[in-house]
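A short worksheet on the structure shown next.
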Amino acid sequence: MDQKILSLAAGKTADKLQEFLQSLKEDDLTDLLQNQAVKGKAAGALLRAIFKGSPCSEKAGTLRRRKIYTYCIQLVESGDLQKEVASEIIGLLMLEAHHFPGPLLVELANEFISAIKEGNLVNGKSLELLPIILTALTTKKGNMAYGKGELSGEECKKQLINTLCSGRWDQQYVIQLTSMFKDVPLTEEEAELVVEKVLRMFSKMNLQEIPPLVYQLLVLSSKGSRKSVLEGIIAFFNELDKQHAEEQSGDELLDLVTVPSGELRHVEGTIILHFVFAIKLDYELGRELLKHLKAGQQGDFSNNLCPFSIALLLSVTRIQRFEEQVFDLLKISIVKSFKDLQLLQGSKFLQNLVPHRPCVSAMILEVVKNSVHSWDHVTQGLVELGFILMDSYGPKKILDGKTIETSSGLSRMPNQHACKLGANILLETFKIHEMIRQEILKQVLNRVVTRASSPISHFLDLLSNIIMYAPLVLQSCSSKVTETFDYLSFLPLQTVQGLLKAVQPLLKVSMSMRDSLILVLRKAMFASQLDARKSAVAGFLLLLKNFKVLGSLSSSQCSQSIGVSQVHVNVHSRYNSVANETFCLEIMDSLRRCLGQQADVRLMLYEGFYDVLRRNSQLANSIMQTLLSQLKQFYEPKPDLLPPLKLEACILTQGDQISLQEPLDYLLCCIQHCLAWYKSRVVPLQQGEEEEEEEAFYQDLDDMLESITNRMIKSELEDFELDKSADFSQSTGIGIKNNICAFLVMGVCEVLIEYNFSISNFSKNKFEEVLSLFMCYKKLSDILNEKAGKGKTKMANKTNDSFLSMKFVSDLLTALFRVLLWRYTSIPTSVEESGKKEKGKSISLLCLEGLQKIFSAVQQFYQPKIQQFLRALDVTDNEDREDADVSVTQRAAFQIRQFQRSLLNLLSSQEEDFNSKEAALLVTVLTSLSKLLEPSSPQFVQMLSWTSKICKENSREDALFCKSLMNLLFSLHVLYKSPVTLLRDLSQDIHGHLGDIDRDVEVEKTNHFAMVNLRTAAPTVCLLVLSQAEKVLEEVDWLITKLKGQVSQETLSEEASSQATASNHPAEKAIIMQLGTLLTFFHELVQTALPSGSCVDTLLKDLCKMYTILTALVRYYLQVCRSSGGIPKNMEKLVKLSGSHLTPLCYSFISYVQNKKSQGLKYTGEKKKEKTAVATAMARVLRETKPIPNLIFAIEQYEKFLIHLSKRSKVNLMQHIKLSTSRDFKIKGNILDMVLREEGEDENEEGTASEHGGQNKEPAKKKRKKEMKCLS
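First residue of the sequence shown? That's -17 in the working numbering, and the numbers climb one at a time after it.
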């Protein structure tokens, strides 16, 4: 039968074939087809023949075709056919599909859809046919029956896709179905339907099936719906990451969450690769990704940025077109995140409204951690981001070797955090990825070498951390480090010291690196540049410190000693002792030669020897002999010769140039420290013969210092030729020489003070000697200060560093501190005898100043040790058991109570006995201590109510005290709740004390805060409350921006927007409450007769901000109205309040300011006829009235947007607002005439009448312009 069909099909016409096929039963044909297909014979040829004999022009042929189609699809799905046969059959079906009439195509499509819904597909091969059927359907013209009505082919396709997407899909065919849609022509709406369906299927899929599905989805996204695809995939993985982190398996994600972490990361890595590939093919997808993540910048970052999306962004940086945009986006996101965090930490008001937000920096570090799972495409981006952050936000400028922060105090913190994050990214990436280590090290070293002029401490810290992490690993990169050594002699000293300190652990494990460093240092020792020689000394001293000779004591004082334990393996430990000793003695020889060089080089040696001695005690003899022989050159051995030191020999004169040759004070300081260390650490351990020999050697030094002390005390200033009559000017040779000598003598005195204190054992005689030395120091210091005061150049500004060591200062302070604390808190100032107050500060005040400096120093530099510090202060607490349970807050509160008592005592005294400095210092101490209180603790609330009570009940006409106390009140209040009501009360007090702008109105005095009085109300309190109001406005502005971002991110569906309005309700309510209270605050101040100057200027600027933020709120409601249609009642009330209580008063205030200025001008004109006086007054008027036009513009903008909102919300918001009428900036003729008349009179005095006639016109024009500006 099959042969007959084939032979008939070979004929020219198909008539006979049609007849033959018509005569066959349906089953015969299908059986025949089945046999041929299963055997793998010419099924394709047979099928072609059948189609030829079943033309769609005839009904019978069409129906036969239709049945054959259905049967073939079942056959292919059965899985009985060979792969090639199945493919051939499907190919033929595809080719012939477009011949079908529309209704049959619909039927075929419906068969497919029901098979998919019911899960009847076996292998899904036949699905390849569905896109062809749907495509063919769209080409059919005319309407066809569908369901109960008639639809066009395009509409039928849409209905079919809708039905398909709303049905159930079997998990195993999701990928095939998604792939199928890429061959169907889809409209935007249809594409959206398909994408939503596929995204819903994500949670049902196995983890390993998701990457191919994402790939198909990304290919499909080119038809539209890119945004939905991106949002869906990012949201899915964000959720998956969160659930994985919590290790909680939800019902739907059971399979996913229980998979191991590595598998999830590998899947994410594959998907990120698919994304990059898709973006390379379709740039629009990349633009959409950036657009989607940028949208989050307006509102809440946490919606869009997550570890997965950050990893995605970083991998996109490999596409050049997007690189710069991505890094800019990440930089902005990071800094914004830190700024937001800072804003939130400083305001209880915002903390209550905004939930805790995930930090972008934590997300980025999470990406670094995840990148260990073969995310090679992300690591390059991470490294670049790390360096970009360090370069952009590191310390900026250097001035005299010191780093200067260019940014303002507040913005500095986010910048510092961003720089620190960059360093953390690089360090963590370095730890995880071996491949990238060389690259990171190379880039860090390049920056260290090439950026000599800018501060690089942050790169040196990173280098140090990298090397500390794995010195042995870095041996492979040693060539990079040795290359850097070649540049040492060209780098600044600070950089050299930092670099060598950082690479020091490497020197312990790499002999070759150490040798190459020594070669470089030896060359530098004889370089012509002074800096290079100083670098060589610094390098050698560092080597001496870190290569210990056998038998050296371990130093408990080492700050950064890298021992063998940290280096893991010390490669050359066998010959350590011998090699190190020879090596160190060689270096000592090199360093001795430096003692003949410039003062700066010698000074470095003296500063470094003591550290070397502590780390490497076996070098003590060598070092001490070097120092002794050096001291003998400048020491007068005869015991009765005064002065005991040859100061002339320390000074070098070359022609006119006079300079210091030997820093004798540093030499003595070094000797004193080495001697003290030797006595305390080495002498107790010595035994045998060495003892006598060395004892004699050290005894010599002791005797010399003793002799110098005695003779220094006996010496008068005349012996040094440094009495009051001496010349100290910097312009003469003798003056410069005397200055150098004076500083040397003062330095020697300081060194001897410490030496005698250290050997005194608290004996009275030694303390008398210490006081005598101090008197010598003080006399010289006073003479220098006096001379500097008289001289034109102030050299007193350049104070020399003190020689007193930290140990000496801390020993003294430890003794003094308890005395200070006890004395200050136990003896009231008033009890002190008046005799001690005559000159300078009283002892009490000095005690308090000392305390204040210590408290602030501990908080600034020793934050982690505050607990220990407070515990040490608490003398009563002896038992350790109780000790551990007491919190920092409790300990700080105990100290606070003592100072509160002192302040109350001070305030209870009479006004004339009130010591302003002491009160201000006390408030500073209380401010320092209150920072240690936990804001949620009862102690904090107690402190706040106490401060508030003090401000309410005490009136002192002292601006400094008032300012510090008010600042304390506000700093506490913002951490408890918003300070707006406080501001309102204070504004009423200010208004009451200063009176009204309308002199006829008598203002009722409220007296909420006694601290506000006529003396302190303006400018002190006024400027303080305005700056606080500005902060509140900033917070409100931040909240409005956040809400706007959320609204723009919401979809425009009614359901979403109504949810948005509901969820934003507390924030909106809070914003309106804040602005309402601030409005009443400004309502009081604009009626107050404020003095000209800063108060008026600041008020005008703040009013301008107030209106700008009111406008921002109105614009936000314009946005909300689009979706929800209404505005809340309290917003209407706010608008009404602004129209009745603020805008009209602003215009009155502007008139008041202008009248005040014109009166001032008139007064200047009457009193002083000089031209310059009038010009100066005019300039001041112009400067002070500058904010007025800005304010008027802000008010009008507010009213303009209110009109828009009224139209959109169908609420008449303008009924309470009287539109501005003060637009006629009229020229006030009388003032203008007066100014012009004066100008004319001046001209008359200066020249003839004819000149006057020609010259008077031009100034008149100028004056008119100025006058107009001044009155606008």
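No residue lacks a Cβ here, since even glycine has one placed at the ideal position from N, Cα and C. None of these values were measured; they are calculated from a predicted model.
Supposed close pair residue i, residue j - CB separation, criterion 8 angstroms
i	j	result
leucine -10	glutamate 59	So it is not a contact: roughly 30 angstroms between Cβ atoms.
leucine 526	cysteine 566	6 angstroms
isoleucine 1256	lysine 262	Nothing about residue 1256 can be read from this structure; the chain reaches only from -17 to 1254.
leucine 1173	cysteine 1128	7 angstroms
threonine 580	leucine 512	Here residue 580 turns out to be glutamine, not threonine, going by the sequence shown. At roughly 6 angstroms, the Cβ-Cβ gap stays under 8 angstroms, so glutamine 580 and leucine 512 are in contact.
threonine 160	leucine 111	Their Cβ separation, rounded to whole angstroms, is 16 angstroms, which puts threonine 160 and leucine 111 out of contact at 8 angstroms.
alanine 874	leucine 852	6 angstroms
tyrosine 53	leucine 15	7 angstroms
Beta bridge counterpart(s) of residue i as assigned by DSSP
i	result
methionine 126	Leu133
leucine 642	Ile633
Contact with chain B by residue i, beta-carbon distance below 8 angstroms
i	result
isoleucine 972	Annotation note: the requested chain B is absent from the structure, which comprises a single protein chain.
Three-way DSSP call (helix, strand, coil) for residue i in this model
i	result
aspartate 978	strand
leucine 627	strand
tyrosine 155	helix
threonine 988	coil
leucine 235	Caution is warranted here: a pLDDT of 47 is assigned to leucine 235, below 50, making its placement in the model unreliable, and the coordinate value is therefore given only provisionally. Looking at leucine 235 - three-state DSSP - the assignment turns out to be coil, as it is neither helix nor strand.
proline 621	coil
threonine 52	helix
threonine 1070	strand
valine 336	coil
serine 713	coil
phenylalanine 785	coil
serine 458	helix
phenylalanine 508	coil
proline 1169	helix
lysine 378	coil
asparagine 779	Low local confidence applies: a pLDDT of 45 at asparagine 779 is under 50, so the model's placement there is unreliable, with the coordinate-based value given in what follows. It is helical.
aspartate 264	coil
glutamate 110	helix
threonine 906	helix
tyrosine 844	coil
aspartate -3	helix
phenylalanine 331	helix
valine 104	coil
leucine 325	helix
alanine -8	coil
tryptophan 659	helix
Spatially closest choice to residue i from the options, by CA coordinates
i	options	result
alanine 1157	Leu1218, Leu646, Ile192, Lys913	Leu1218
tyrosine 617	Ser641, Leu649, Arg597, Ile605	Leu649
leucine 1279	Lys505, Thr1059, Ser1133	With the chain covering only -17 through 1254, there is no way to say anything about residue 1279.
glycine 521	Ser460, Val594, Ser510	Val594
proline 37	Gln1069, Arg47, His415	Arg47
phenylalanine 1175	Leu1116, Ala1161, Cys1086	Cys1086
glutamine 681	Glu698, Ala658, Glu751	Ala658
lysine 628	Cys723, Thr411, Phe591	Cys723
threonine 714	His655, Glu750, Asp783, Ser641	Ser641
leucine 488	Leu454, Ser510, Phe472, Phe508	Leu454
glutamate 1114	Thr1059, Lys1182, Ser1188, His1047	Ser1188
leucine 335	Leu325, Ala344, Val342, Ser343	Leu325
Original post:
Are at least three pairs of beta-carbons, each pair with one atom in the stretch 335 to 348 and one in the stretch 1064 to 1072, less than 8 angstroms apart?
Top reply: The answer is no - the stretch 1064 to 1072 does not touch the stretch 335 to 348, with fewer than three Cβ pairs under 8 angstroms.
Subject >> Sufficient close CB pairs (3 or more, under 8 angstroms) joining the stretch 1131 to 1141 to the stretch 1183 to 1203 >> reply: Fewer than three pairs of CB atoms, one per stretch, sit closer than 8 angstroms, so the stretch 1131 to 1141 makes no contact with the stretch 1183 to 1203.
Subject >> Cβ contact check for the stretch 758 to 766 and the stretch 725 to 732: 3 or more pairs under 8 angstroms >> reply: Yes, the stretch 758 to 766 is in contact with the stretch 725 to 732.
Original post:
Is the number of C-beta pairs between the stretch 434 to 449 and the stretch 477 to 494 that are closer than 8 angstroms three or more?
Top reply: At 8 angstroms Cβ cutoff, the stretches touch.
Original post:
When the Cβ atoms of the stretch 916 to 934 are set against those of the stretch 977 to 986, are three or more pairs found closer than 8 angstroms?
Top reply: No, because fewer than three Cβ pairs between the stretch 916 to 934 and the stretch 977 to 986 fall closer than 8 angstroms, the two stretches do not touch.
**OP:** Flag this pair as touching only if the stretch 1067 to 1079 and the stretch 1099 to 1118 have three or more C-beta atom pairs under 8 angstroms; answer yes or no.
**Re:** Between the stretch 1067 to 1079 and the stretch 1099 to 1118 there are fewer than three inter-stretch CB-CB distances shorter than 8 angstroms, so the stretches are not counted as touching.
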